[in-house]
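Here the structure is laid out as structure tokens; the discussion comes afterwards.
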Amino acid sequence: SDIELVVVSQGPGSFTGLRIGMSLGKGISLVQKIPLISIPTYEVIKRNFDFVEFPLLLLFPSRKGEVILFEWERDKWVKEGEIVKIEKLPQFIEKEKILAGEGVLLYRDWIEKNLKGKVLIPPFSYHIPRPSHLAVLGIERKKEAIWEKGISASPLYFREPRIGDKN
Numbered sequence: 005s006d007i008e009l010v011v012v013s014q015g016p017g018s019f020t021g022l023r024i025g026m027s028l029g030k031g032i033s034l035v036q037k038i039p040l041i042s043i044p045t046y047e048v049i050k051r052n053f054d055f056v057e058f059p060l061l062l063l064f065p066s067r068k069g070e071v072i073l074f075e076w077e078r079d080k081w082v083k084e085g086e087i088v089k090i091e092k093l094p095q096f097i098e099k100e101k102i103l104a105g106e107g108v109l110l111y112r113d114w115i116e117k118n119l120k121g122k123v124l125i126p127p128f129s130y131h132i133p134r135p136s137h138l139a140v141l142g143i144e145r146k147k148e149a150i151w152e153k154g155i156s157a158s159p160l161y162f163r164e165p166r167i168g169d170k171n
């Protein structure tokens, strides 16, 4: 086989989607005896903004009315995985920032109404993880030997699933 490496998104994301992707990646890794590297989704989306010297807030959907917030500023994460009610988002906007991620798409109307002039919202393609960025990050981590054994990789969850709960 020509495959030398398996790279999967670690999350945050859909509970079921993460489990399926991670399981498939582990299966391929074990059968082919090749490394598996998992990359957090927020790292993949941040790669969409590598050319920008601007504070960045990435938002991922959590439960109804909540987002999981990641903040990048001056070459480092200053907030990672903070769960915030959407109406509390203005507390994190002390200066103009770029907002991206699926949470921005979900709450775009609220954001545009309540944060007008305080945030920049890029075009749609910047809100989603690009497979090419996932692959490049995986290759970089393999070269730098920054990865765990494939079998120990696990999805990055910020909450337990609420089975049967509609909230």
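One gets my numbering by counting positions in the sequence shown from 1 and adding 4 to each.
Heads up, the beta-carbon is just placed ideally off N, CA and C, and yes, glycines get one too.
Nothing here was measured: the structure is a model prediction, and the numbers come from that model.
- Residue range T45 to K50 is occupied by the alpha helix (DSSP H) that includes I49.
- Boundaries of the beta strand (DSSP E) harbouring Q14: V10 to G15, taken from the DSSP string.
- A distance below 8 Å separates the beta carbons of K30 and A157.
- Residue environment analysis places W76 among the buried positions, since at least 16 neighbouring C-beta atoms fall within 10 angstroms of its C-beta.
- Counting only runs of 3+ residues, the beta strand (DSSP E) found wholly inside the region 62-108 occupies 70-77, 80-89 and 101-104, in chain order.
- By the criterion of at least three beta-carbon pairs nearer than 8 Å, the region 78-85 is not in contact with the region 25-41.
- In the DSSP assignment, D6 falls outside any alpha helix (DSSP H) and carries neither an H nor an E.
- Between E106 and the set S13, V71, V35 and P94, the nearest pair of CA atoms involves V71.
- For F19, the enclosing alpha helix (DSSP H) has its first and last residue at F19 to Q36.
- Your pair I143 and L9 checks out as a contact, with CB atoms roughly 7 Å apart and the cut at 8 Å.
- Non-local beta-carbon contacts of Y130 in its own chain, meaning distances under 6 Å to residues more than five positions away in sequence, involve N52 and A104 in chain order.
- Fully contained in the region 107-157 are the following alpha helix (DSSP H) runs of length 4 or more, in chain order: 112-118 and 135-147.
- A Cβ-Cβ contact shorter than 8 Å links L22 with P159.
- About 21 Å separates the beta carbons of R112 and V48, which is beyond the 8 Å limit, so they are not a contact pair.
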